[in-house]
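S.K.: Handing you this structure, nothing more for now.
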Amino acid sequence: MTSGGRPRRREAFQHIACCIDRSAASERALAEAARLWRLGSGRLSVVHVASPPFVSGYSRWGPEYQPFYAEAEEWLRTRVADLPGAEAVLLWGFAGERIAEWAAEAAADLLVAAAHHGRARRMLGSVTGYLARHAPCSVLVIRPEEPSAINEGRREIATTIDSTGRMRPAGAAPSRPGQDWRPEHLLLAAVARSALDSLVHRAALVGLEAHGGAVAWGALVNDEAAPPIEDIACRVEASIRPPRAIAEIVRLAAEAERGSRLGAALAAPPRYEWVVNGRLVAP
Amino acid sequence: MATPTETTTAPYAHIACCIDESEGAERALTEARRLRALGPGRLSVVTVAAYPLLVDGDGEDPDDIEAVAERWLERRMRDVPEGAPVLLHGFPPVAVCEWAREARPDLLVAGAHRSRVERALLGSFAAYLAHHAPCAVLLVRPAHAAAPSEAAAAPSSETERMTR
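Right under this line is the structure:
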């Protein structure tokens, strides 16, 4: 788009777009986006999506939507007022999709958005999560809390079970001394084992032989009110013989996921990933 | 108010880039080096010697896995003179988050997806960092990679993958 003959640009980004809602976390994202923008001479767009409080077939011009739209417009104007030169962009509709579409049209080269920690993530349709998956450009995810608060009471843990059945805390080498097992490692081991066994069982039902390993991981949170491990995820890597069409593998993985009894029994079921015969399949 | 100047201030004092052998990681490293070159600052290039889940027979000797990863990182760093290599062990997203809690980079850079096959899915590694890393995370995509509708399409068949 810009003149091709120019020397290599010395700017971090040419068109930064920061996505904000009314959360404290997105204030932090906007501060960071503004900081990056001031380092260079590119554009800053401050993007807000006004979502209707109810869904219907009308466009935003429907009379019942006018108050929401006008209110969002006013709010966004005040947010951008102290950033002279920044452009306010008000969109209408489902936040993630609209922002991704807009970013492609507006040729943004960086989207800045805030992460929401822990349980908040499980709210379906987290905009940042959507953008991380589907944005047409790079995405900068900003932490919702002060850096000094981040290390407090949080620790990542994992348990792996390889295809020989060897179980390791944190996925570390078996020869590495000083690995400490915690009770939470065993919960993760059970999640991994349950998912793996479920796949082996489902495969056997249709005459296939599955063989593999699994890992489960999550974050230990030092909070009485929280579950002992947050945001559990589980990845199973397996080979299935004899080879089958991808559609059948996807179906098997979906069945195995439904049949992972331990995961299903948790208050917040794990996110699963199934890698079969070297391919990531999404149930 | 922002005026172009001869030298731009570095946006980050300590950038850490996570790499493996994937094409997504190469893009991430290119972007991390570009940001690092905007001004003074550190660049850590982080790779994880991961123990495979699927192993043959009794499995590889973990010492071998670490030695291979170490040699690979050393070779890769030959043309990245400004970067400091960091070799971690264990399960990659967990190892990187734990490292970042200690080393405190200002920014973690990672490829948004590792390969064309994983394009439509955010790699688990990148997703985990986005949710849990103790610092800002830059998920790198080629500019204007895929329209949202393409990215949202089911990742199931090899033939649907377009060559860009």
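Which chain is which? The protein sequence lines are C and V, in order.
First residue of the first sequence? That's 0 in numbering that gives the first Met the number 0, and the numbers climb one at a time after it.
First residue of the second sequence? That's 0 in numbering that gives the first Met the number 0, and the numbers climb one at a time after it.
Don't be surprised by glycine CBs; every beta carbon is placed ideally from N, CA and C.
Just so you know, these numbers come straight off a predicted model, no measurement behind them.
In angstroms, rounded to a whole number, what distance separates the CA positions of G89 (chain V) and A49 (chain V)?
M.R.: Spanning the two alpha carbons is a distance of roughly 5 Å.
S.K.: Look at the alpha carbon of A132 (chain V) and the alpha carbon of P92 (chain V), and state the distance between them as a whole number of angstroms.
M.R.: For A132 (chain V) and P92 (chain V), the distance between alpha carbons rounds to 9 Å.
S.K.: If you reduce the DSSP assignment to three classes, tell me which class Y271 (chain C) lands in.
M.R.: DSSP places Y271 (chain C) in strand when its eight states are reduced to three.
S.K.: I need the DSSP call for P168 (chain C), collapsed to helix, strand or coil.
M.R.: It is a strand residue.
S.K.: What beta strand (DSSP E) runs, 3 residues minimum, are completely inside the stretch 11-59 of chain V?
M.R.: Counting only runs of 3 or more, we get 13-17 and 41-48.
S.K.: So for A135 (chain V), helix, strand or coil by DSSP?
M.R.: Residue state, collapsed to three classes: strand.
S.K.: Using three-state DSSP, classify I15 (chain C) as helix, strand or coil.
M.R.: Looking at I15 (chain C) - three-state DSSP - the assignment turns out to be strand.
S.K.: With H, G and I counted as helix, E and B as strand and the rest as coil, what does DSSP make of V79 (chain C)?
M.R.: In this structure, V79 (chain C) counts as helix in the three-state DSSP scheme.
S.K.: Which same chain residues end up closer than 8 Å to A119 (chain C) when comparing Cβ atoms and leaving out the 5 residues on each side of it in sequence?
M.R.: Confidence in A119 (chain C) is poor, its pLDDT being 43 and thus under 50, which makes the residue's placement too unreliable to answer from.
S.K.: Between the C-alpha atoms of C17 (chain V) and V108 (chain V), what's the straight-line distance to the nearest angstrom?
M.R.: Distance between the alpha carbons of C17 (chain V) and V108 (chain V): 6 Å.
S.K.: Note down, in chain order, all residues in the stretch 133-146 of chain C with a beta-carbon under 8 Å from any beta-carbon belonging to chain V.
M.R.: Correct list: H133, A134, P135, C136, S137, V138, L139, V140, I141, R142 and P146.
S.K.: Which of the three DSSP states is assigned to G92 (chain C) in this structure?
M.R.: Coil, per DSSP.
S.K.: Is the CB-CB distance between A191 (chain C) and A213 (chain C) below 8 Å?
M.R.: Yes, these two residues count as a Cβ contact at 8 Å.
S.K.: Can you list, in chain order, the residues of its chain with a C-beta nearer than 8 Å to that of A134 (chain C)? Leave out the 5 residues immediately preceding and following it.
M.R.: I98, A99, A102 and L110.
S.K.: Closest by CA to E81 (chain V), which one among V:H130, V:G40, V:L53 and V:V67?
M.R.: E81 (chain V) has its Cα closest to that of V:G40, out of V:H130, V:G40, V:L53 and V:V67.
S.K.: Check whether chain C comes within 8 Å of P51 (chain V), counting only Cβ atoms and requiring the distance to be less than that.
M.R.: True, the Cβ-Cβ gap to chain C drops below 8 Å.
S.K.: For a contact defined as C-beta to C-beta under 7 Å, what are the partners of E97 (chain V) on chain A?
M.R.: The structure shown contains no chain A; its protein chains are C and V.
S.K.: Below 9 Å between beta carbons is the criterion; list the residues of the stretch 130-143 of chain V that meet it against any residue of chain C, in chain order.
M.R.: Under the 9 Å Cβ criterion, the stretch 130-143 of chain V contributes H130, H131, A132, P133, C134, A135, V136, L137, L138, V139, R140, P141, A142 and H143.
S.K.: Excluding the 5 residues flanking E208 (chain C) on each side, which residues of the same chain have their C-beta closer than 6 Å to its C-beta?
M.R.: Result list for E208 (chain C): R240, in chain order.
S.K.: Are the C-beta of A11 (chain C) and some C-beta of chain V separated by less than 8 Å?
M.R.: It does; some Cβ of chain V falls within 8 Å.
S.K.: A215 (chain C) to S137 (chain C), Cα distance in whole Å?
M.R.: Taking the straight line joining both Cα atoms gives about 28 Å.
S.K.: Under 8 Å between the Cβ atoms of V46 (chain C) and C17 (chain C)?
M.R.: Yes. Within cutoff.
S.K.: Which one of C:A244, C:A23, C:G258 and C:I19 has the shortest CA to CA distance from G95 (chain C)?
M.R.: Nearest of C:A244, C:A23, C:G258 and C:I19 to G95 (chain C), Cα basis: C:I19.
S.K.: Leaving out the 5 sequence neighbours to the left and right, which residues in its chain are closer than 7 Å to P104 (chain V) when beta-carbon positions are compared?
M.R.: So the list reads H13, I14, A15, S43 and C134, once near-sequence residues are dropped.
S.K.: I'd like to confirm the pairing. Which residues does DSSP put opposite E256 (chain C) in its beta bridges?
M.R.: Per DSSP, none; premise fails for E256 (chain C).
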